[in-house]
Amino acid sequence: MFEILEKEILTKEPVIFRMVVKAPRVAAACEPGQFLIVRANSDGERVPLTICDYDRAAGTVEIVVQVIGAETDKMSRLEKGEGFADVVGPLGQASDLVTEDLEELKKKKILFVAGGVGTAPVYPQAKWLHEHGITPDVIIGAKNKDLVIMEDKFKSVCNLTITTDDGSYGRSGMVTVALQDLWNEGTRWDHCVAIGPMIMMKFVCKLTKELGIHTIVSMNPIMVDGTGMCGACRLTVDGKVKFACVDGPEFDGHLVDFDQAMSRMKLYRTEEGRLYLKEKEGATHHGNCGNCN
Amino acid sequence: MKKVPVREQDAKERATNFKEVCLGYNKEEAEAEASRCLNCKNPRCVEGCPVSIQIPQFIQAVKEGNIEEAYRVIGLSSSLPAICGRVCPQETQCEGVCVRGIKGEAVAIGKLERYVADTAREMGIKPAAPENRNGKKVAVIGSGPAGLTCAGDLAKMGYDVTIFEALHEPGGVLTYGIPEFRLPKEAVVQKEIDNVRALGVKIETDVVVGKSVTIDNLMKEEGFSAVFVGSGAGLPKFMNIPGEQALGVFSANEYLTRSNLMKAFSEDSTTPIMHPKKAVVVGGGNVAMDAARTALRMGAEVHVVYRRSEAELPARVEEVHHAKEEGIIFDLLTNPVEIIANEDGWVSGIRCIRMELGEPDESGRRSPVEIKGSEFEIECDAVIMSLGTSPNPLIASTTAGLDVNRRGCIVAEEETGKSSKDGVYAGGDAVTGAATVILAMGAGKAGAKGIDDYLNK
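Chains as they are written, first to last, in our numbering: chain S, 655 to 947; chain X, 5 to 461.
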């Protein structure tokens, strides 16, 4: 069992929660950009999740999860002191940022664009850069004020811009609007990392391609084993088939076939699942984030 | 002279359930079959066995009704008899060289092995843990047939063995690949693994060596004196034809993993799996048969599309026979050229071309050649690609000094499993590319011996 040491509910509707989990092997080996797979209990599904922080000395990893279906709902009901049946990782490749020559990296102006629960995996990358003397720009997008997560943590490691779809906090509009506005205000970047719903990443990439900003995205397609064995997570990048679990999860966003990737997400969508999402998401359900259509 | 026929579930009935196809021998049948063994002085069957089980010796014990002795004899060579008795290709190994086979049918060695293992399990006979331990730690990577065998043998020699398994359940291909109807998981696989544990072997699941920890870490920081790599051949191959990313195209690995490891075949499971109406399985190996027969049991009409003729099917004859009995349709000398999807992105058919056999290729088999203008379409809503697998690069790419060949297979000596890196041994599909359970077990055995010699020099 992998014990849950801390639990915090970050948002209520939809539920997004944060947990600190004891997983010494993962904590010892993980790097920003990698992910892990958890199973809530012994007959649970293998759910891929991004790592949003880690403490090597304490042997813990931190996850931030949005409840989108039965499995994540089951996870959200686990309490401090209980545990996950399985935590496997780290999986996938580390972010290019952590392997690039640091001096070269320091010359670059770096932007992160985070959407929804995709905000969480941006944090370890921004934090890593900050620890290495680089302060990146970060745009966090959320549907409304209540769904903005991890604001305080981000503030200490980056220049933060928040935007909400309904304008209830920070700037008003989608992340692409904020990006374009900052650009129009004169900010320039050499490198962008976008993590969030596929539809968001697709449109960020469309914009950054026009603006000529090299852009990396983190793909989170359907997976089973997460070690390269099943091929469920395959996607097309620059005309070639890649497995997100071993070749990714990060890819050059300008080369990813997003339409195909989004189409593949609907493989196991059932009527039941869509109704569950609609009910849970209530007024915020707009049906085009890639989670249900 | 013919062998005592083994009882099987009726083909029509079993096509709708996941219970084991072959029911095995009872005591009378087993003893009758055992009495057919000539107890040859120079038993060719032992040479035909990749792990050299003393076959005539255990069969004599069966004849005398002494299961304990029969189990002990098999246990000297194999840690997984209930599994080998079910999935070994005996017809090309022990039974293929049986003297009885010259004028009639070979002794049903595999079915007798299974009888011994199953009966021993029912009687509660367990392998004895070694009395003396030498305190030396050995790490085994992967809990499939190669790893379990290597670990079992090393434990019997007194080593302190830990197996590291990437998935949440041990067993490797025995757990995620081979279906319940051929190899029951709880009744057989878990029990065999329990027997390996009873020898003192520890199994740590959820460890992806190469990611969670490296081989160098295991040796330098965790105190392992030697490592055996039995990580299998995991990466599924695709055909690289148009339409392969359509919804409803799966690798056999994915389809079988969902059904076997994640139990999607069971109504209690929450794991999603597609229930196609008409599925096309591409490929002709044992994995293709497993995928086809799984889809059939999920209610599909199933076609196996294979580019050569029946004689070249790499699957075991018994598996092909069972598949046909159950109603799988074989479209032989047929090769896919494109997968067709509807406007929503779902598979609606597969375009194939007819083939004919030409000159023999480097494998010695006559190579299939396309017949021009013979393209046709098979309507279907799922395509399961079963074209083989290649080794997972995770370990090789994170272990300095571990050489691989151009196919990505770890280079290791056949006799000892010795790799290019000091203290690291390897065997099974990670070395040979996709092969059989018993060959992997043979390699696990060789690796155990190699490691023992290395640590005692």
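All C-beta atoms, glycine included, are put in the ideal place defined by N, C-alpha and C.
In this text the structure is predicted, and so the values were computed from the model without any measurement.
Cβ-Cβ distance between residue i and residue j below 8 Å
i	j	result
threonine 275/X	valine 309/X	no
glutamate 17/X	tyrosine 29/X	no
leucine 459/X	alanine 230/X	yes
alanine 438/X	valine 233/X	no
lysine 781/S	valine 811/S	yes
glycine 89/X	glutamate 117/X	yes
proline 678/S	glycine 735/S	no
arginine 918/S	proline 875/S	yes
alanine 296/X	isoleucine 332/X	yes
leucine 178/X	isoleucine 87/X	yes
valine 878/S	arginine 262/X	yes
valine 25/X	histidine 307/X	no
threonine 815/S	isoleucine 849/S	no
valine 910/S	valine 891/S	yes
glycine 795/S	alanine 832/S	yes
arginine 621/S	glycine 880/S	The question about residue 621/S has no answer, for chain S in this structure spans 655 to 947.
valine 900/S	glycine 746/S	yes
glycine 405/X	serine 390/X	no
glycine 698/S	glutamate 725/S	yes
First and last residue of the uninterrupted beta strand (DSSP E) at residue i
i	result
alanine 4/X	Not covered by the structure: residue 4/X. The range shown for chain X is 5 to 461.
proline 364/X	351-364
isoleucine 207/X	206-208
alanine 38/X	Element bounds for alanine 38/X: not the beta strand (DSSP E) but the alpha helix (DSSP H), 31-38.
leucine 690/S	689-693
valine 718/S	714-720
Reduced DSSP secondary structure (H/G/I, E/B, other) of residue i
i	result
valine 286/X	strand
tyrosine 75/X	helix
cysteine 943/S	Caution applies to cysteine 943/S, whose pLDDT of 48 falls short of 50 and renders its modelled position unreliable; the model cannot decide the point.
threonine 665/S	strand
alanine 774/S	helix
valine 192/X	helix
arginine 26/X	With the sequence shown as reference, residue 26/X is identified as cysteine, and arginine is not the correct amino acid for it. Reduced to three states, the DSSP call for cysteine 26/X is strand.
tyrosine 708/S	strand
tyrosine 429/X	strand
leucine 171/X	coil
glutamine 64/X	helix
lysine 422/X	strand
cysteine 44/X	coil
glycine 737/S	strand
aspartate 164/X	strand
serine 235/X	coil
aspartate 791/S	strand
methionine 434/X	At residue 434/X the sequence reads alanine, which differs from the methionine that was named. Helix at alanine 434/X.
phenylalanine 766/S	strand
alanine 296/X	helix
serine 371/X	strand
arginine 679/S	helix
threonine 402/X	helix
Proximal residues to residue i (C-beta, below 6 Å), its chain only, five neighbours per side dropped
i	result
tryptophan 843/S	Lys763, Leu765, Ile867
methionine 445/X	Val55, Pro149, Thr153
alanine 739/S	Arg693, Asn695, Ser696
proline 188/X	Glu24
glutamate 184/X	Phe22
glutamate 716/S	Val674, Cys706, Asp707
Close-in-space but distant-in-sequence residues of the same chain around residue i (CB under 7 Å, 5 per side omitted)
i	result
lysine 761/S	none
isoleucine 245/X	Pro340, Val341, Glu342, Ile343
cysteine 943/S	Reliability fails at cysteine 943/S, whose pLDDT of 48 lies under 50, so the model's placement of it is uncertain and no value is given.
aspartate 727/S	Val721
Run of the alpha helix (DSSP H) containing residue i, from where it starts to where it stops
i	result
methionine 223/X	219-224
leucine 459/X	441-459
serine 263/X	256-264
methionine 729/S	724-730
Residues near residue i by beta carbon distance below 8 Å, same chain, minus five either side
i	result
isoleucine 375/X	Ile357, Arg358, Met359, Glu360
valine 351/X	Gly247, Ala250, Leu251, Gly252, Val253, Ile343, Ile344, Ala345, Cys384, Asp385, Ala386, Val387
glutamine 64/X	Ala38, Cys41, Asn43
Contact with chain C by residue i, beta-carbon distance below 8 Å
i	result
arginine 201/X	Absent here is chain C; the protein component of the structure consists of chains S and X.
What are the start and end residues of each continuous beta strand (DSSP E) run of 3 or more residues lying completely inside the segment 851-924 of chain S, in chain order? The qualifying runs are 868-872, 888-891, 894-897, 904-906.
Output the residue ranges of the beta strand (DSSP E) runs that lie fully inside the segment 299-360 of chain X and measure 3 residues or longer, sorted by chain position. The qualifying runs are 305-309, 333-335, 338-345.
List in chain order: all unbroken alpha helix (DSSP H) runs of 4+ residues lying wholly within the segment 79-160 of chain X. Fully enclosed alpha helix (DSSP H) runs of 4 or longer: 85-91, 104-107, 113-126, 149-160.
Taking the runs of the beta strand (DSSP E) that are 3 residues or longer, which of them lie wholly in the segment 781-845 of chain S? List check, beta strand (DSSP E) in window: 791-796, 813-818.
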